[in-house]
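Take a look at the structure set out below.
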Amino acid sequence: MTRTRRSLLKTAGAAAGLGVIGMPALAQGAAGKVVVIGAGFGGGTTARYLKRANAALDVTLIERDEKFITCPFSNYVVAGFRKIGDVTHGFDGLRKAGIKVVKGDATAVDTAGRSVSLADGSKHPYDKLVVSPGIELNFAGVAGYSEAAAEKMPHAWKAGPQTLLLRRQLEAMADGGTFILCPPANPFRCPPGPYERVSVVAWYLKTNKPKSKILVFDAKDAFSKQGLFQAAWESEFPGMVTWVAGKDGGKVESVDPNAMTVKSGFGSEKGAVVNVIPPQRAGAIAQAAGLTADNGWCPVDPMTFASTKAQNVYVVGDATIAGAMPKSGSSANTQGKVVANAIVASLANKPPGAPALFNICYSLVTPDYGISTTDAYQVSADKGITVTPNAGGVSVRMATALNERKLEAEYTVNWYKSITSDIWA
Amino acid sequence: MRKTREREHTMEKRIAAAVLAALLVPAGASAQSAGPSGQALGQTCFVCHGPDGRSAGPIASLAGLPKDHVVRQMTEFKTDRRPSTIMNRIAKSYSDEQIAAIAEFIATLK
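Structure below.
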C-alpha cells in the first residue's frame, strides 16, 4: 500500500509537471513565508490578499516609509482641494490583517539563497518574494535636470514633499504667470496624470489667477483620454492651455532651473512654475535584484506576474512590463490579486487559476467634472496581456441628460475611497 | 504475482488520472473552465465597489445582491438597455458565462 501510494503520487506529480507531491500539499492552504517589498498599491494589495486567501501564510511587508502617500489624488493637493493628509495611508489595517509590517529599506535580494537584505543589515528569508517597488525617476533623462534641480522645478511624480512644493509654487505664482508642464515619453506612471494635473491647475488658476497661462511641452504626439481632456480644456478654461505635441516641437531639449527656462523645438520659454516629469524605470531594488530588462522595467509571466529573471520572485505594479495595462493604481490592485492567488496555488503545488486583469483610471478636470478610461484584459502565452476587444474605452464624447461628467466626478471620489480601503483600511 | 502487479499498476494509473484531474481544476472554478474563476473576476469589482463589495458612496454596493439580480443588471448594461456612465463599457468585456460566474461570486458576499 505504501509503495503503491508513493509510486502513484510520483506518477501524478510527473504527469502534472509539478515534481513529487506529498499528501499535505494536496490540502488547501499550504503554509509558507512570503516577503513583499513595497506597501503601495501593488504590494499592499498582494500582502492583504495573500492573508485573505490563506491565513496560515507568514507575510512580511517591507516598507521604507512610515506611511504611504498616493499619487492618485495628489494632483488635487496641488490644485488645493485636497490636503496631503487626505492621500496619506498608514499600515495599521494591514497589521490588523495579520501582516508583519517592517520599516526598512530593501537594498539587495539573494535570489539563489532566497533572502532580502535591508539597509540596517537585517535579512529576511522567503519561500516567495513579491517586489512592488514602483518607479525610479531618471533625472538624467532630461538635459539640465537633476534631483537638486527638482527643488526648483518639481516633478511631483512621487507624492509627498514634491507635491507640497509644487502646491506652494503655484500659490506663490503671480496672476499672469506661465505654468509649464513637461510630460515624458511612454511608458510612465499614470498615463492620464499629467493631463489631469493640467486640468486641475487650470481650474485653480481660472478661479484665482485668471490671466495665467499653461504651456505643455510633450515628448509624445498623443496621450490618454486626449479627446476628452482637450474638449474639457476648451469648454472649462477657454484659451488657457496650449499643448505642444512632440512632432510640433514639444520635445524638451533641456531645462535651466536657475533661469527657469525650458528649451524645446518651440524655442526657449520662461515659466513662473515649471513642472518637469522625467522619464522613469522600475524602482531601484528591482534593478539591484536583477529583475529588470535592458529598458529598465521588469519582464513577467503574464499569467502569474512571476519574474522571468528569477525563480520564486513576483513583480507587481508600475515596475512591470504588463502588455496593454497602464501603470496605474487600479492595474497594480488587480495584479496584486493575481499574484496572491498564484503564490497560494504555487505553495500548495497547484496550477494557478487564470488571471483576471482589469483597469480603471478616473480623472477630474474640475471637482465637478470627471472622465474615465477602463479596460478588462485577456491573457495568453503568445500575445501576453491584450485589451478585451469591443469593450472598455473612454467616457462618452458628449455628455447626455444622464449628467456623466458630474456623476463620474462623484465616482472618482468613490473609487479612491474603495481602492484605498481595499488595500490599507 | 504478475497478475496482481498488473492490476495494481492499472489501478495506480486510474487513481493517478483522477488525482491529476483534480489538480488541474482551478480553485473556485464554476461555469468557466479555461478562463478566470468567478471569484478572480469578481474581486476586480472591489476596486470601485469597495472591499467585499461594500461601497462607501454613490457607487452601488454589491454585497447582499442576489445572483439573478446581478446577472440581469450586467446583461442590461452589456446590451445598453440600462444607461450608465461606465458599466456598459465594462459589462461588454465579459461573456454571459463569465457574468454568471461573477454573479455567483457576488452572491456569496455578505
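Protein chains in written order, with our numbering: chain Z, 1 to 425; chain W, 1001 to 1110. Every residue, glycine too, gets a C-beta built ideally from N, C-alpha and C.
Cβ shell of residue i (< 6 Å), same chain only, five flanking positions each side left out
i, result
"G95/Z", "The displayed chain sequence assigns Arg, not Gly, to residue 95/Z. These residues qualify, in order along the chain: V101."
"A381/Z", "none"
"V116/Z", "V35, A106, V109 and H124"
"P257/Z", "A149, K152 and M153"
"R1082/W", "E1076"
"T205/Z", "Rather than Thr, the amino acid found at residue 205/Z in this sequence is Leu. The residues are S212."
"G430/Z", "Missing from the structure shown is residue 430/Z; chain Z here goes from 1 to 425 and no further."
"D422/Z", "none"
"L129/Z", "V35 and V313"
"F237/Z", "A202 and K206"
"V396/Z", "E404"
"F358/Z", "T334 and A376"
"V1070/W", "A1103 and I1106"
"Q169/Z", "V273"
"W233/Z", "V241"
Cβ shell of residue i (< 7 Å), same chain only, five flanking positions each side left out
i, result
"Y416/Z", "P72 and F73"
"L1024/W", "Only weak support exists for where L1024/W lies, its pLDDT of 47 falling under 50; the value from the coordinates is given anyway. Result list for L1024/W: empty, nothing under 7 Å."
"R82/Z", "F73 and Y76"
"A1016/W", "Model confidence at A1016/W stands at a pLDDT of 48, short of 50, so the residue's coordinates are unreliable and nothing is read from them."
Reduced DSSP secondary structure (H/G/I, E/B, other) of residue i
i, result
"H1069/W", "helix"
"D120/Z", "coil"
"C71/Z", "coil"
"M1/Z", "Reliability of the predicted coordinates at M1/Z is poor, the pLDDT of 35 falling under 50, and the value obtained from them is presented with this limitation in mind. Coil."
"I385/Z", "strand"
"V1019/W", "Confidence in V1019/W is poor, its pLDDT being 46 and thus under 50, which makes the residue's placement unreliable; the coordinate value appears in the next sentence. In the structure shown, V1019/W sits in a helix (DSSP, three-state: H, G or I)."
"I423/Z", "helix"
"L215/Z", "strand"
"I285/Z", "helix"
"Q1043/W", "helix"
"E171/Z", "helix"
"G393/Z", "strand"
"K103/Z", "strand"
"Q1032/W", "Confidence at Q1032/W is low in this model, with a pLDDT of 38, below 50, so its placement is unreliable and the value that follows should be read with caution. Looking at Q1032/W - three-state DSSP - the assignment turns out to be coil, as it is neither helix nor strand."
"P161/Z", "helix"
"E1097/W", "helix"
"Y314/Z", "strand"
"L57/Z", "coil"
"I62/Z", "strand"
Extent of the continuous alpha helix (DSSP H) run through residue i
i, result
"F41/Z", "F41 to A53"
"Q335/Z", "G329 to L347"
"Q230/Z", "Q226 to E236"
"S199/Z", "G193 to N208"
"K128/Z", "Counting along the chain, K128/Z falls outside any alpha helix (DSSP H), though it belongs to the beta strand (DSSP E) covering K128 to V131."
"I135/Z", "I135/Z -> not in any alpha helix (DSSP H); beta strand (DSSP E) instead, spanning I135 to L137."
"L94/Z", "D92 to K96"
Residue range of the unbroken beta strand (DSSP E) whose run includes residue i
i, result
"C182/Z", "T178 to C182"
"Q280/Z", "Q280 to A282"
"N275/Z", "V273 to V276"
"V1047/W", "No beta strand (DSSP E) contains V1047/W, which is instead part of the alpha helix (DSSP H) from F1046 to H1049."
"K270/Z", "G267 to K270"
"I360/Z", "L357 to T366"
"T373/Z", "Y369 to S380"
"K263/Z", "T261 to S264"
"I37/Z", "K33 to I37"
Chain-order list of residues whose beta-carbon lies under 8 Å from that of residue i (same chain, five-residue window excluded)
i, result
"T987/W", "Examination of residue 987/W is not possible in this model, given that chain W is present from 1001 through 1110 alone."
"G186/Z", "The question names Gly, but residue 186/Z in the sequence shown is Asn. Only K220 meet the Cβ criterion."
"A332/Z", "G40, F41, G42, T45, S132, V316, G317 and D318"
"S1055/W", "C1048, H1049, S1061 and L1062"
"P191/Z", "F223, S224, P326, K327, S328 and C361"
"V300/Z", "A306, S307, T308, Y314, V315, T320, I321 and A322"
Residue i: CB within 7 Å of a non-hydrogen atom of the ligand MN
i, result
"S331/Z", "Summarising the ligand content, the structure contains no ligands, and the ligand MN is consequently not present."
> If contact means a Cβ-Cβ distance below 7 Å, which residues of the segment 324-339 of chain Z contact chain W?
Replying inline: So the list reads S330, N333, T334 and K337, given in the order they occur along the chain.
>> To be precise: take each residue of the segment 1072-1090 of chain W, compare its Cβ to all Cβ atoms of chain Z, and keep it if any distance is under 7 Å. Which residues remain?
In response: Correct list: P1083, T1085, I1086, R1089 and I1090.
> Which residues, in chain order, does the segment 1035-1050 of chain W contribute to contact with chain Z at a C-beta distance below 9 Å?
Replying inline: Flagged, chain order: G1035, P1036, S1037, Q1039, A1040, L1041, G1042, Q1043, T1044, C1045, F1046, V1047, C1048, H1049 and G1050.
> Taking contact to mean at least 3 C-beta pairs separated by less than 8 Å, is the segment 220-228 of chain Z in contact with the segment 236-252 of chain Z?
Replying inline: Three or more Cβ pairs closer than 8 Å define a contact, and the segment 220-228 of chain Z meets that threshold against the segment 236-252 of chain Z.
> Using a Cβ cut-off of 8 Å, which residues of the segment 355-389 of chain Z contact any Cβ in chain W, in chain order?
Replying inline: Those residues of the segment 355-389 of chain Z that come within reach of chain W (Cβ to Cβ, closer than 8 Å) are P355, A356, L357, F358, I360, S372, T374, D375, A376 and T388.
> Which of the residues in the segment 24-57 of chain Z, read from start to end, lie with their CB under 7 Å from any CB of chain W?
Replying inline: Look at the segment 24-57 of chain Z: it has no residue with a C-beta under 7 Å from a C-beta of chain W.
> Can you list, in chain order, the residues of the segment 1056-1073 of chain W whose Cβ is nearer than 9 Å to any Cβ on chain Z?
Replying inline: Result list: A1056, G1057, P1058 and I1059.
> Pairing CB atoms from the segment 46-55 of chain Z with CB atoms from the segment 27-36 of chain Z, are three or more of them under 8 Å?
Replying inline: Yes: at least three Cβ pairs fall under 8 Å.
> On the three-pair Cβ rule with 8 Å, is the segment 269-278 of chain Z touching the segment 303-320 of chain Z?
Replying inline: Too few Cβ pairs lie closer than 8 Å, so no.
> Touch check for the segment 1087-1095 of chain W and the segment 365-385 of chain Z: three-plus C-beta pairs under 8 Å?
Replying inline: By the C-beta criterion, the segment 1087-1095 of chain W is judged to be in contact with the segment 365-385 of chain Z, since at least 3 inter-stretch pairs fall below 8 Å.
> Just by C-beta distance, which residues in the segment 1092-1108 of chain W are closer than 8 Å to chain Z?
Replying inline: Among the residues of the segment 1092-1108 of chain W, those with a Cβ less than 8 Å away from any Cβ of chain Z are K1092, S1093 and Y1094, in the order of the chain.
> Can you find at least 3 beta carbon pairs, one from the segment 335-350 of chain Z and one from the segment 153-168 of chain Z, that sit closer than 8 Å?
Replying inline: Of all C-beta pairs linking the segment 335-350 of chain Z to the segment 153-168 of chain Z, fewer than three are shorter than 8 Å, placing the two stretches out of contact.
> Between the segment 86-116 of chain Z and chain W, which residues of the former have CB atoms less than 7 Å from a CB of the latter, in chain order?
Replying inline: Of all residues in the segment 86-116 of chain Z, none places a beta-carbon less than 7 Å from a beta-carbon of chain W.
> Would you call the segment 277-291 of chain Z and the segment 163-174 of chain Z in contact, with 3 or more CB pairs under 8 Å?
Replying inline: Touching, no, given that fewer than three Cβ pairs across the two stretches are closer than 8 Å.
> Does the segment 358-368 of chain Z touch the segment 399-412 of chain Z, meaning 3 or more C-beta pairs lie closer than 8 Å?
Replying inline: Segments in contact, yes.
> Is there contact here, the segment 399-406 of chain Z with the segment 1038-1045 of chain W, by at least three beta-carbon pairs under 8 Å?
Replying inline: Counting C-beta pairs with one atom in each stretch, the segment 399-406 of chain Z and the segment 1038-1045 of chain W have fewer than three that are closer than 8 Å, which means they do not touch.
> For the segment 408-419 of chain Z, which residues have a CB atom closer than 8 Å to at least one CB atom of chain W, in sequence order?
Replying inline: For the segment 408-419 of chain Z, the set of residues with a beta-carbon nearer than 8 Å to any beta-carbon of chain W comprises E408, E410, Y411, V413, N414, W415, K417, S418 and I419, in chain order.
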